[in-house]
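J.:
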Amino acid sequence: MYKLFRKILTGLFKLLSIIRCLRSTIVQYVAFNPPEVGYLIRNRNEVIKTLTLSPLHEERSRTLDEPHSPLIQAKQPTRQSYQLTKEHLSIISPKIKYYNTLQSVEYKQQLRNPKNQYQYPSQEFNFISNELKAMEIDNNPGLPISSYVLESQSGNLIASIYIEFSDSEQIILYSHGNSTDIGLMFDTYVDIVMECKINLFSYDYSGYGQSTGYPTDINLLYDIESAYIFLIDQLQFEPRNIIIYGYSIGSGPSTNLASRHEVGGLIIHSGLSSGLRVIDPTIDHTSYNDIFPNLDYIVDVSAPVYLLHGGADSMINVVHAEQLAQKAKHLFSVWLVEHGGHGDIESQWKELYFKRLQRFTRNVYLTLFQIVKLHML
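Our numbering applies: residue 106 is where the sequence shown begins, and numbers increase by one.
1. How about the stretch 269–276 and the stretch 354–367: do they share at least three Cβ pairs that are nearer than 8 Å?
2. Over the uninterrupted beta strand (DSSP E) stretch that includes residue 282, give me the two end residues.
3. May I ask whether a heavy atom of the ligand ZN can be found less than 7 Å away from the beta carbon of residue 282?
4. Between residue 139 and the rest of its own chain, which residues show a CB-CB distance below 6 Å, the 5 nearest in sequence each way excluded?
5. Once you ignore the five residues that flank residue 296 on each side, which residues in its own chain have a CB closer than 6 Å to its CB?
6. Report yes if the CB atom of residue 417 is closer than 8 Å to the CB atom of residue 444, and no otherwise.
7. How far does the beta strand (DSSP E) with residue 415 in it extend, from its first residue to its last?
8. How would you write the range of the alpha helix (DSSP H) that residue 326 sits in, first residue to last?
9. Where does residue 304 fall in DSSP's three states?
10. Buried or exposed: residue 298, going by 16 or more other Cβ atoms within 10 Å of its Cβ?
11. Just confirm the distance between the C-beta atoms of residue 403 and residue 364, as a whole number of angstroms; I'd bet it's less than 8 Å.
12. What number of angstroms, rounded off, separates the C-alpha of residue 327 from the C-alpha of residue 333?
13. Grouping DSSP H, G and I as helix and E and B as strand, with all else coil, what is residue 438?
14. Is it the case that the stretch 445–464 contacts the stretch 408–423, given that we only count it when at least three CB pairs across the two stretches are under 8 Å?
15. Please confirm whether residue 426 and residue 441 have their CB atoms less than 8 Å apart.
16. State the DSSP-derived secondary structure class of residue 450, mapped to helix, strand or coil.
17. How far does the beta strand (DSSP E) with residue 361 in it reach, from first residue to last?
18. Helix, strand or coil: how does DSSP classify residue 231 here?
19. Is the separation between the beta-carbon of residue 400 and that of residue 387 shorter than 8 Å?
20. May I have the straight-line CA-CA distance separating residue 310 from residue 217, to the nearest angstrom?
21. So what does residue 266 bridge to, in DSSP terms?
22. Quick one: residues in its chain with C-beta nearer than 6 Å to the C-beta of residue 395, no 5 flanking neighbours on either side, listed in chain order?
23. Please say whether residue 264 and residue 223 have beta carbons closer to each other than 8 Å?
24. For the beta strand (DSSP E) containing residue 399, list its first residue and its last residue.
25. Would you decide whether residue 405 is buried or exposed? Buried here means 16 or more other CB atoms lie within 10 Å of its CB.
26. Use the C-beta contact count for residue 389: other C-beta atoms within 10 angstroms, 16 or more gives buried, fewer gives exposed.
27. Between the alpha carbons of residue 315 and residue 462, how many angstroms are there, rounded?
28. Tell me which residues share the same chain as residue 253 and place their Cβ nearer than 6 Å to its Cβ, disregarding the 5 neighbours each side in the sequence.
29. To the nearest angstrom, how far is it from the Cα of residue 157 to the Cα of residue 409?
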């Protein structure tokens, strides 16, 4: 009976998806679930006054013509002011105590700034408490953090976060999962940077966090493209030093990007082989209107691929990782965590998670080093 229901559901989506505008609406409301905004991006060195946050649905519905969107203001390189709900905002969140107490690191290399700092001024990244207080992150020299506002090819403004470990030439471009944003992912990002001694850049999809617009599969492809271009053109990372990391639904834009551009490596964490296969894993052939057909994308990925997935994942069955592993032409390794769920591998198996992640990033670096050395002979 359940199998029949899955067949009917996938068939209904295919039928309704014939109408392009209807497909986008279905995808937006069925596939995506943005959380309540939990952070604020604002211009550095500005005097904070009290701020009234708009309802989440109003944030998502803003357009480029509306002047009161925080991101529209942040995009301007001139000094801006915001309306705040509290006058004194010096609270430090327990969530960021670990970051604020990190010891300073003496870097051998200079910190990276955008090539065009007028077009991409560095923004300050703050958390928002339940009392609508902006909780400032100390400007810790041991782990510099910046936020930038990118303009996606979709026309939406995309919020991003950059955590720098400047002694590394590598950077992880992280696409997060559903029901989260770069604020909620902050602790994970800091852990990755510190454990792997690597730079990390992440962004919020259209309609997520402080990013404008609406989330659709097409918009996500535009969003990650803009992030990738920013890393190369503005922060001036070499494409082969960029490691793409896609978690859950983030595996869609990540695998698509890696199939079309030069990258150092691809990590798929609890990823999907395609959207419709989440409903019915027995689908043989990818439908033309499927969402994130990673099973087709991964064939064209020329970089090494690292797959990790929970064997007890109840949201995206482990069979998706097995399907992707069979199609990947440059598979580095597959880690199937027997009792792992959808979002607990990095916490419940933390030591092994970082050990394997370090091994992959190190392998990407050594492989590149050997290639460069051969070219010099």
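Ideal Cβ placement from N, Cα and C applies to all residues, glycine included. Model, not experiment: these values are computed from the prediction.
T.: Taking the coordinates as given:
1. Touching, no.
2. Membership of residue 282 in any beta strand (DSSP E) is not indicated, and neither H nor E is assigned to it by DSSP.
3. The ligand content of the structure shown is nil, which means the ligand ZN is not present either.
4. 312 and 313, listed in sequence order.
5. Excluding positions up to five away in sequence, the list is empty.
6. The answer is yes: Cβ separation under 8 Å.
7. Per DSSP, residue 415 is one residue of the beta strand (DSSP E) stretching across 410–415.
8. 322–338 is the span of the alpha helix (DSSP H), which, as asked, contains residue 326.
9. If DSSP states are grouped into helix, strand and coil, residue 304 belongs with the strands.
10. Its Cβ being crowded by 16 or more others within 10 Å, residue 298 is buried.
11. At roughly 7 Å, the Cβ-Cβ gap stays under 8 Å, so residue 403 and residue 364 are in contact.
12. Their backbone Cα atoms lie some 10 Å apart in a straight line.
13. Note: residue 438 maps to strand in three-state DSSP.
14. Verdict: yes, contact present.
15. Yes, the Cβ-Cβ distance between residue 426 and residue 441 is below 8 Å.
16. Helix, per DSSP.
17. Premise fails: residue 361 lies in the alpha helix (DSSP H), 356–365, not in any beta strand (DSSP E).
18. Strand.
19. No Cβ-Cβ contact shorter than 8 Å links residue 400 with residue 387.
20. The alpha-carbon separation between residue 310 and residue 217 amounts to approximately 24 Å.
21. DSSP lists 252 and 307 as partners of residue 266.
22. The residues 379, 380 and 381, in chain order, have a CB closer than 6 Å to that of residue 395 in the same chain once the five nearest residues on each side in sequence are set aside.
23. No. Outside cutoff.
24. Residue 399 -> not in any beta strand (DSSP E); alpha helix (DSSP H) instead, spanning 399–402.
25. With a threshold of 16 other beta carbon atoms within 10 Å, residue 405 falls short and is exposed.
26. Residue 389 comes out exposed.
27. Distance between the alpha carbons of residue 315 and residue 462: 29 Å.
28. In its chain, beyond the 5 residues on either side, 225 and 265 have a beta carbon closer than 6 Å to the beta carbon of residue 253.
29. Residue placement at residue 157 is poorly supported in this model, since its pLDDT is 38, which falls under 50; the coordinates still yield a value, given next. If you take the alpha carbons of residue 157 and residue 409, they lie about 46 Å apart.
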